[in-house]
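Let me begin by presenting the structure, written as structure tokens, before commenting on it.
Number of protein chains: 2
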Amino acid sequence: MNIGDVAQKAGLPPKTIRYYEDIGLITPLRDTNGYRLFRESDLHKLAFLGRARALGFTIEDCRTLLALYEDDTRASADVKELAQAHLSKIEDKIAQLESMRSTLSDLVKSCAGDNRPDCPILSDLATGQH
Amino acid sequence: MNIGDVAQKAGLPPKTIRYYEDIGLITPLRDTNGYRLFRESDLHKLAFLGRARALGFTIEDCRTLLALYEDDTRASADVKELAQAHLSKIEDKIAQLESMRSTLSDLVKSCAGDNRPDCPILSDLATGQH
DNA sequence: CTTGACCTTCCAGCGACTGGAGGCCCTATC
DNA sequence: GATAGGGCCTCCAGTCGCTGGAAGGTCAAG
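Taken in sequence, the protein lines are chains Y and S.
In terms of the working numbering, the first sequence opens at residue 2 and continues consecutively.
In terms of the working numbering, the second sequence opens at residue 2 and continues consecutively.
Following this line, the structure appears as structure tokens:
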């Protein structure tokens, strides 16, 4: 398979796939013309990476996950720990965003949104007081 | 005031303040020794920026917000529109993170987390099937 | 033989800082 | 007057995960 094919099948842009090769996540073969030549196993890895990235794992997490995936002697505890840590980070981010959402939502509601200059949003930003 | 003082008062690192000057958000004076010399108005702007950033506004949004703040003839509708658009982006992000959280949470729960290699987290990443 | 789609590499840029090197300035103490 | 320590300066590079674009080779169809 050429890069375009795998890109389609894995649902990742060619650029991203080249990047993943650059940083050593995959090592496709090379055709005589210099084109990358992808095996089924490469496609499989790329799909794995796509799903892991979609769950928000960092590239380094993905590297570790791939290594664990390919290690028959892994302990599921290691995978779980990684996933749990990532989950915690996501929950932190959600909490942070929820806090912003709450404040912003209040501010937006309190703003008339008309032609006049008076604006509680700007007042809040200016003074920190509601 | 020197940069250390405003940094403390505004709750922003000196590096960030220099960066804000670099990109033209503030323009402190200069002392004869080359040190930045901050007026009350600079501190006020920095505090404004700090709060806007804490609400997740991008730097470009902050630039616009500052301009609106300093424009007596603004329409509060413009501020509200900006804030509303930002709020929508935040809500999108929250939705995306919630979706990750949900999937991840299920996966983590379903993983034994012991010495054995069997791991539903990896299976899911490998196949996309639960 | 040409066109156009595909592939290659390499370099630069995104956002919002952050770290570090190398060096000047200021104050206090000896 | 020398020195130590802290604060300030500029400039460059790195972060993360791509993404865009330039310049050029390759391939299949007409």
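Glycine included, C-beta positions come from ideal geometry on N, C-alpha and C.
1. Run the CB neighbour count on Arg-70 (chain S), radius 10 Å, all protein chains shown included, and call it buried at 16 or more, exposed below.
2. With a threshold of 16 other CB atoms inside 10 Å of the CB of Asp-137 (chain S), please say whether the residue is buried or exposed.
3. In chain order, what residues of the same chain lie with their CB nearer than 7 Å to the CB of Lys-1 (chain Y), ignoring the 5 residues before and after it?
4. Could you tell me the alpha carbon to alpha carbon distance between Glu-22 (chain S) and Ser-103 (chain S), rounded to whole angstroms?
5. Any beta carbon of chain S sitting closer than 8 Å to that of Tyr-70 (chain Y)?
6. What's the C-alpha gap between Ala-8 (chain Y) and Pro-15 (chain Y)?
7. Using only CA atoms, which one of Y:Thr-74, Y:Gln-130, Y:Arg-31, Y:Lys-110 lies nearest to Ala-84 (chain S)?
8. Check each candidate in S:Arg-37, S:Pro-121, S:Arg-75, S:Phe-49 and name the one with the smallest Cα separation from Asp-115 (chain Y).
9. Assuming Arg-60 (chain Y) and Met-101 (chain S) make a contact with CB atoms under 8 Å, what is their CB distance in whole Å?
10. Measuring only the C-alpha atoms, how far is Leu-66 (chain S) from Ile-4 (chain S)?
11. Give the C-beta separation of Leu-47 (chain Y) and Ile-18 (chain Y) to the nearest angstrom, bearing in mind that I take them to be a contact with Cβ-Cβ under 8 Å.
12. So Ser-112 (chain S) packs on Pro-121 (chain S), CB below 8 Å; how close in whole Å?
13. Using a threshold of 8 Å, state whether the C-beta atoms of His-87 (chain S) and Gly-57 (chain S) are closer than that.
14. From Tyr-20 (chain Y) to Gln-130 (chain S), what distance separates their C-alpha atoms?
15. Do we get a CB-CB distance below 8 Å when we pair Glu-61 (chain S) with the residues of chain Y?
16. Quick check: is the beta carbon of Ser-42 (chain Y) nearer than 8 Å to any beta carbon in chain S?
17. Counting only the same chain and skipping the five closest in sequence on each side, list residues whose C-beta sits under 8 Å from that of Leu-30 (chain Y).
18. Relative to the ligand ZN, is the shortest distance from any of its heavy atoms to the C-beta of Lys-110 (chain Y) smaller than 7 Å?
19. For Ala-68 (chain Y), which of S:Ala-127, S:Asp-6, S:Met-2 has the nearest alpha-carbon?
20. From Lys-81 (chain Y) to Leu-108 (chain S), what distance separates their C-alpha atoms?
21. Give a yes or no on whether 8 Å exceeds the smallest Cβ distance from Leu-105 (chain S) to chain Y.
22. When you compare the CB positions of Cys-1 (chain Y) and Leu-26 (chain Y), do they come within less than 8 Å of one another, or not?
23. My assumption, with CB atoms under 8 Å, is that Ile-95 (chain S) sits in contact with Leu-123 (chain Y). Please give the rounded CB distance.
Let's see:
1. Sequence index remark: in the second sequence, residue 70 (chain S) carries index 69 (1-based). Note on identity: in this sequence residue 70 (chain S) is Tyr, with Arg being the wrong assignment. By the neighbour-count rule (16 or more Cβ atoms within 10 Å), Tyr-70 (chain S) is buried.
2. It is not possible to answer for residue 137 (chain S), since the shown part of chain S is limited to 2 through 131.
3. Because chain Y in this structure spans residues 2 to 131, residue 1 (chain Y) falls outside the shown range and cannot be described.
4. The residue labelled residue 22 (chain S) in the question sits at position 21 within the second sequence. The residue labelled residue 103 (chain S) in the question sits at position 102 within the second sequence. Answer to the nearest angstrom: the Cα atoms are 42 Å apart.
5. Within the first sequence, numbered from 1, the residue matching residue 70 (chain Y) stands at position 69. Taking Cβ atoms only, chain S reaches closer than 8 Å to Tyr-70 (chain Y), which makes this a yes.
6. Stepping through the first sequence from its first residue, residue 8 (chain Y) is reached at position 7. Stepping through the first sequence from its first residue, residue 15 (chain Y) is reached at position 14. Approximately 5 Å, taken between the alpha carbons.
7. Stepping through the second sequence from its first residue, residue 84 (chain S) is reached at position 83. Among Y:Thr-74, Y:Gln-130, Y:Arg-31, Y:Lys-110, the Cα nearest to that of Ala-84 (chain S) belongs to Y:Lys-110.
8. Along the first sequence, one-based indexing puts residue 115 (chain Y) at 114. Cα-wise, what sits closest to Asp-115 (chain Y) is S:Arg-75.
9. As a position in the first sequence, residue 60 (chain Y) is number 59, starting the count at 1. As a position in the second sequence, residue 101 (chain S) is number 100, starting the count at 1. Checking the sequence, you will find Ile at residue 60 (chain Y) rather than Arg. Contact doesn't hold; Cβ gap of about 16 Å is too wide.
10. Translated into positions along the second sequence, residue 66 (chain S) becomes position 65. Translated into positions along the second sequence, residue 4 (chain S) becomes position 3. Approximately 23 Å between the Cα atoms of the pair.
11. Along the first sequence, one-based indexing puts residue 47 (chain Y) at 46. Along the first sequence, one-based indexing puts residue 18 (chain Y) at 17. Right, their Cβ atoms sit about 6 Å apart.
12. Position 111 of the second sequence holds residue 112 (chain S). Position 120 of the second sequence holds residue 121 (chain S). Residue identity differs from the one stated: residue 112 (chain S) is Cys in this sequence, not Ser. Right, their Cβ atoms sit about 5 Å apart.
13. Here residue 87 (chain S) refers to the residue found at position 86 of the second sequence. Here residue 57 (chain S) refers to the residue found at position 56 of the second sequence. Their beta carbons are under 8 Å apart, which means His-87 (chain S) touches Gly-57 (chain S) by this criterion.
14. Taking the first residue of the first sequence as position 1, residue 20 (chain Y) is located at position 19. Taking the first residue of the second sequence as position 1, residue 130 (chain S) is located at position 129. Rounded to the nearest angstrom, the two C-alpha atoms are 26 Å apart.
15. Counted from its first residue, the second sequence places residue 61 (chain S) at position 60. Taking Cβ atoms only, chain Y never reaches closer than 8 Å to Glu-61 (chain S), which makes this a no.
16. If you number the first sequence from 1, residue 42 (chain Y) lands on position 41. False, the Cβ-Cβ gap to chain S never drops below 8 Å.
17. Within the first sequence, numbered from 1, the residue matching residue 30 (chain Y) stands at position 29. For Leu-30 (chain Y), where only same-chain residues beyond five positions count, the Cβ hits under 8 Å are Arg-37, Leu-38, Phe-39, Arg-40.
18. By its list of ligands, the structure shown contains no ligand whatsoever, and the ligand ZN lies outside what it can speak to.
19. As a position in the first sequence, residue 68 (chain Y) is number 67, starting the count at 1. Among S:Ala-127, S:Asp-6, S:Met-2, the Cα nearest to that of Ala-68 (chain Y) is on S:Ala-127.
20. Within the first sequence, numbered from 1, the residue matching residue 81 (chain Y) stands at position 80. Within the second sequence, numbered from 1, the residue matching residue 108 (chain S) stands at position 107. Roughly 9 Å between the two C-alpha positions.
21. Locating residue 105 (chain S) in the second sequence gives position 104, counting from the first residue. Output row for Leu-105 (chain S): interface = yes.
22. Residue 1 (chain Y) cannot be examined here, being either before or after the span of chain Y that is shown, 2 to 131.
23. As a first step, residue 95 (chain S) is located in the second sequence; it is residue number 94 there, counting from the start. As a first step, residue 123 (chain Y) is located in the first sequence; it is residue number 122 there, counting from the start. Not confirmed; about 25 Å, so no contact.
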